[in-house]
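Heads up, the thing below is written out as structure tokens.
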Amino acid sequence: MSVDRSLKIRSALRRHRNVLTRAERIEQLKGEERWSEDDSLFGLPKVAHRKSHTGRKAAKEPAAKEAEPEAAAEVTESEEKEKKEG
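The sequence shown runs 5 to 90 under the working numbering.
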């Protein structure tokens, strides 16, 4: 019997999960100071766990850097024309 493709990937456990374990929820509530050691482990309040989109800005930055040399080249060309004329 073969192993399913989804089980072969090592990073499968690193992906974003919508459901947190009780320990993860308690850690997050402690960080927000919404839970103390005296509180019950049951009936914990809901905790928002959002996926962050960090990779999107990195794709835009190289495009902006590529445009800068072109703009600088246009400026130097216009400066050279002024020097020749003046």
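Glycine included, every Cβ here is placed at the ideal spot set by N, Cα and C. Computed from a prediction, not measured in an experiment: that's the story for all the values here.
Short of 6 Å from the beta carbon of residue 20, and not among the five residues preceding or following it, lie these beta carbons of its own chain, in chain order: 55. In the displayed model, residue 44 falls within coil according to three-state DSSP, outside both helix and strand. Annotated three-state conformation of residue 33 is helix, per DSSP.
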